[in-house]
Each structure stands twice: as C-alpha cells, then as structure tokens.
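Visitor: The sequence shown begins at 1 in the working numbering and counts up by one. Glycine included, every Cβ here is placed at the ideal spot set by N, Cα and C. This is the structure, below, for whatever I ask next.
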Amino acid sequence: MNIEKIRSDFPLLLQKHNGKKIKYLDNAATTQKPKQVINAIKKYYEKYNANVHRGINFLSQKATEKFEDAHEKTAEFINAKNYKEIIFTNNTTEAMNTIAYSLGSMLKNGDEILLTKMEHHANIVPWQELAKRKKIKIRFANIKNGKLDMEDLKEKTNSKTKIISVTMASNILGTINPVEKISKIAKEQGAYFVVDAAQAAPHTKINVKKINADLLAFSGHKMLGPTGIGVLYGKSELLEKMPPFLTGGDMISTVTLKQSRWNKLPWKFEAGTPNIAGAIGFDAALDYLKKIKMENIEAHEQKLMNYAEKRIKEIKGIETYGPKGPKTGILPFNIKGIHAHDVAGILDEDAIAIRSGNHCAQPLMQEMNIESLARASFYIYNTIEEIDSMAIGIEKAKKIFGI
Ligand code: PLP
C-alpha cells in the first residue's frame, strides 16, 4: 500500500489546521472521503440528477441504473446472493431500527433476545423500544478481559432465545467477536442471527454466507462513503417474510383505497425517494476499497496498532483498554488525572483529531466503570508519524496538567 499516494486522494488531509498538517485519528466515528467518491457524487448532480424508478426519461433511467448497480456491487462486496438482499438505509442505526421493528414484530410474548454488554446504543435502544410494545426479555452476554464471554453467551441462550444480535467489532475496545461461532450457537437454538458490522465492514472482508448472518448492518460513511447511506443485508427468504418498516411511495406494487401490496425486494424496504447520490458515492467507495484490497487494509491497521500500543504504553500514567491480540484499528486510553475531553482539546491545538466521551456505548462504559475515554482510531491513510505526533501531544497534555 502506497500511503502517500492514498493520502493524495483525500483533499481534506491535504489541508492545514493552525498551520499544522491534519492528523485525522477519529475514523471509527467517520472516515474522510477520497476525491473519487466526491467526484462521483458531483457527476451525478451535474450530469444525470433525476429520481429513480419513476421516469421514462433518459436522466431517470441513468440514475436508476447507477442506483441499482450500487446495490449489486454491495451484494458482491459482502458475498450476498444478489441485489435483492441489499437494502439501502440512512445508516446502521436506521438498519437496526428496521430489524428491531420488523423482525421484532414476528416475535411472541415471552420470547428472548440476546445482546452483549459491548453493544453500541444502535443495537440496544431499538430492542428496548420493542420490549415496550411486547413482553420480551432482553439479556446481555458478559465481557471478560475485553472479550465477549462465550461461556456466558452460551448459558444465556435457551429455547426462548429467538434473536441473537451482536456487534462484529466493538467501537470502544476494537474487540473482534467470533461471529461464525455465535452464529452456530444461534442456529442450534433456531434463533435469528443479527450482526452490527458498523465497525467491521470498513476493516475486514465481510462474507455474509460464511458468517451465516440472517441480517447484517453497516454504514457507508465509516468506509470512505458519504453520510446518509447505510446497508441492511438480509437473507432474501427472511426479508420476504418480514413486514416493511417505513411505508409509502416506491415500496408498494399496488395501492387501492382499501389496501396496498408491497413491492419486490429490496424496494419493499426502501420507502420514498432514496439517497441516490449517497448510493452512487458509496459505489465509488467500494471500488476504492476493492482496489486497495481489504487484506491490505487489515495488515496496515495491524501494523499501526502494534506500533501505537507499544508507543503509547511508554507514556507514564497512561491506561489502555481492550483485549490482548487482534483488534480493529481502535486505541482506547485515559491519562490518570486528565479528563479525556481535555486530552482531546490539547491534541486538537496541534491538528490531531481524536474522539473523547462515552462513544455511544454507555452500558459498556458503566461495565468498565469509567465515565469518559479518549479514542484514537486508524484507517488506510494514517501513518506511524501521526501516532508519534499523538504521543508527543499526550506528553504535552501531561505537562500542562503538571502530571
Ligand atoms: N454500531 C457501531 C458498533 C458503531 O460504532 C456505530 C457508530 O459509531 C453504529 C452502530 C451507528 O452507526 P451510525 O451512526 O452510522 O448509524
């Protein structure tokens, strides 16, 4: 991977802040966009902007073709059967709400759903809302040494468990969960297996057939695509059975004053005018990732992580979190005596962007007994020099605070 060449594709990274090179280390929140993605969106608006699935005119036909191509390319990217299994949503959050609403409506009172204690709010709150409408019990598998406690997960799975829904990679700890094993546990009980792949899809090859996921969600903006485009994958046999979440235009085949019939997959789940520009931008992001190859991305992040963990542990008073062994490119840490927001603020003066706070996973923070956490997260364009700059910035924060 030629990092300098990759960096030259990202206009934002070529800018300066406070006269300093931008060091963007907040990729788990969202990634920067290469000019190939920006140009694809610009081209759509300048050359063939029109609504999809509605027009006989040449503009609408071209927009429809590109929009449908994006579904097909996404299907290939995650090894789905075909475009019918790919629903475009706004983001992972909307996909998880669709799942909890729609799959949730197929559950009966007394059924159980099993989540884990390392979930993002997107894989907790929609299920809690379901539990307000139905008498459903939500259980949470424990965490042990930064990893999912598989024994506990097995113990909490029983004949009442109808859905197991887990994150494939933790947005706080970077933990990679053994989704294939969890899938087997779910199948043995006849439960549906749902995967939140928001922090996995940007970093590793997703193979929905190998995982044997019934439903899986991720966000385009965390993998070089624009904001406002997410993916909900579902096995077509299951999606056929599930009721739609949002209803209205485009998701119907016929409407009378008495009743409506649903459109074919995947359009049954894409109500109203979709994010056409977003889908086209996402298609360009997938091309970009495919060209670099996911295995190269993984190797680059692993190299950065190995260096970052070693480098940061040299700093006295630093506390790091997460499991030993392979992780996605996420480095959570705190410095004794300094609030994470202050660390982030001091790094920001040197144009180093990290994240601080509770990272939309408050139950995990409660479990770890910490209020706030600093998090650096890496992607394809990050360098060893940027990690050095962050380490120097942390030392500076310590000096300012007299630690
Ligand atoms: N799930 C995980 C593990 C995440 O890290 C995030 C976002 O950080 C989400 C879900 C929600 O993604 P989005 O905000 O794109 O809906």
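Have a look at I86 and N177 and give me their C-alpha separation to the nearest angstrom.
Guide: Going by the C-alpha atoms only, they are around 23 Å apart.
Visitor: Any heavy atom of ligand 1 inside 7 Å of the beta-carbon of G230?
Guide: Yes - ligand 1 has a heavy atom lying nearer than 7 Å to the Cβ of G230.
Visitor: Taking DSSP as the reference, what is the three-state secondary structure of H71?
Guide: If DSSP states are grouped into helix, strand and coil, H71 belongs with the helices.
Visitor: For a minimum of 4 consecutive residues, which ranges assigned as the alpha helix (DSSP H) are wholly contained in the segment 140 to 187?
Guide: Runs of the alpha helix (DSSP H) inside the segment 140 to 187: 150 to 155.
Visitor: Is the segment 260 to 278 close to the segment 109 to 123, with three or more CB pairs under 8 Å?
Guide: Counting Cβ pairs under 8 Å, fewer than three are found: no touch.
Visitor: Less than 8 Å between the beta carbons of I387 and L304, yes or no?
Guide: Contact: yes.
Visitor: Could you spell out the range, first to last residue, of the alpha helix (DSSP H) harbouring T92?
Guide: 92 to 102 is the extent of the alpha helix (DSSP H) around T92.
Visitor: With a threshold of 16 other CB atoms inside 10 Å of the CB of K73, please say whether the residue is buried or exposed.
Guide: So K73 ends up on the buried side.
Visitor: Say yes only if the C-beta of H221 is nearer than 7 Å to one or more non-hydrogen atoms of ligand 1, and no if none qualify.
Guide: Yes - ligand 1 has a heavy atom lying nearer than 7 Å to the Cβ of H221.
Visitor: Closer than 5 Å between the C-beta and any heavy atom of ligand 1: which residues qualify, listed along the chain?
Guide: Counting every residue whose Cβ lies closer than 5 Å to a heavy atom of ligand 1, we get N91, T92, T93, H120, A122, T167, N171, D196, A198, Q199, S219.
Visitor: Would you give the residue range spanned by the alpha helix (DSSP H) that S105 belongs to?
Guide: Element bounds for S105: n/a, residue is neither H nor E.
Visitor: So is Y192 buried or exposed if we call it buried at 16+ other beta carbons inside 10 Å?
Guide: Buried.
Visitor: Using 8 Å as the threshold, is the segment 254 to 270 in touch with the segment 113 to 123, meaning 3 or more CB pairs across them?
Guide: No: the two stretches stay apart, fewer than three of their Cβ pairs being nearer than 8 Å.
Visitor: What residue does the beta strand (DSSP E) around L239 start on, and which one ends it?
Guide: Unbroken run through L239 is the alpha helix (DSSP H), 236 to 241; no beta strand (DSSP E).
Visitor: Can you give the Cα-Cα distance for Y24 and Y379, rounded to whole angstroms?
Guide: C-alpha separation (whole angstroms): 9 Å.
Visitor: My guess is that A122 and R355 are in contact by the Cβ rule of under 8 Å, so how many angstroms apart are they, rounded?
Guide: That belief does not hold up - the Cβ atoms of A122 and R355 are roughly 16 Å apart, past 8 Å.
Visitor: Shortest alpha-carbon distance to F245 belongs to which of N97, N39, N82, V37?
Guide: Closest option to F245, Cα to Cα, is N97.
Visitor: Is there contact here, the segment 213 to 222 with the segment 137 to 145, by at least three beta-carbon pairs under 8 Å?
Guide: Because the criterion of three Cβ pairs below 8 Å is not met, the segment 213 to 222 and the segment 137 to 145 do not touch.
Visitor: In angstroms with no decimal places, state the Cα-to-Cα distance between N171 and Q199.
Guide: N171 and Q199: Cα-Cα distance of roughly 6 Å.
Visitor: Taking 8 Å as the cut-off, does the segment 62 to 73 touch the segment 193 to 213 (at least 3 CB pairs, one atom from each stretch)?
Guide: As far as the Cβ criterion goes, the segment 193 to 213 does not touch the segment 62 to 73, which means the pair count is below three.
Visitor: For my contact list, T383 and I3 are in at a C-beta cut-off of 8 Å; report their separation, rounded to the angstrom.
Guide: At roughly 6 Å, the Cβ-Cβ gap stays under 8 Å, so T383 and I3 are in contact.
Visitor: Please state the DSSP three-state secondary structure of I394.
Guide: Note: I394 maps to helix in three-state DSSP.
Visitor: State whether the segment 289 to 305 contacts the segment 320 to 339, with contact taken as three or more CB pairs (one from each stretch) at a distance under 8 Å.
Guide: Yes, since at least three Cβ pairs between the segment 289 to 305 and the segment 320 to 339 fall closer than 8 Å, the two stretches touch.
Visitor: For a minimum of 4 consecutive residues, which ranges assigned as the alpha helix (DSSP H) are wholly contained in the segment 7 to 71?
Guide: Runs found: 35 to 47.
Visitor: Do you know offhand how far V179's Cα is from M168's?
Guide: Distance between the alpha carbons of V179 and M168: 6 Å.
Visitor: Are the CB atoms of S377 and I352 nearer to each other than 8 Å?
Guide: No, these two residues do not count as a Cβ contact at 8 Å.
Visitor: Please work out which residues of its chain come closer than 8 Å, Cβ to Cβ, to K181, disregarding the five sequence neighbours upstream and downstream, and give them in chain order.
Guide: Closer than 8 Å at Cβ, skipping near neighbours: M150.
Visitor: Can you tell me whether Q15 is buried or exposed, with buried defined as 16 or more other CB within 10 angstroms of its CB?
Guide: Flag for Q15 reads exposed.
Visitor: Go ahead and pull the three-state DSSP assignment for A376.
Guide: Three-state DSSP puts A376 in a strand.
Visitor: Using a Cβ-Cβ cut-off of 8 Å (strictly less than) and excluding sequence neighbours within five positions of K187, which residues of its own chain qualify?
Guide: Correct list, in chain order: F193, N212.
Visitor: K154 and I185 look like a contact to me (Cβ under 8 Å); what is the Cβ gap, rounded to whole Å?
Guide: The Cβ separation is near 6 Å, so the contact holds.
Visitor: Roughly how many angstroms separate the alpha carbons of M251 and E76, rounded to a whole number?
Guide: Roughly 23 Å between the two C-alpha positions.
Visitor: Determine the closest residue to L373 out of G357, Q362, I292, N82, with distance taken between C-alpha atoms.
Guide: When each option's Cα is compared against that of L373, the closest is G357.
Visitor: Going by alpha carbons, who is nearest to S253 out of H53, I370, A284?
Guide: It is H53 whose Cα lies nearest to the Cα of S253.
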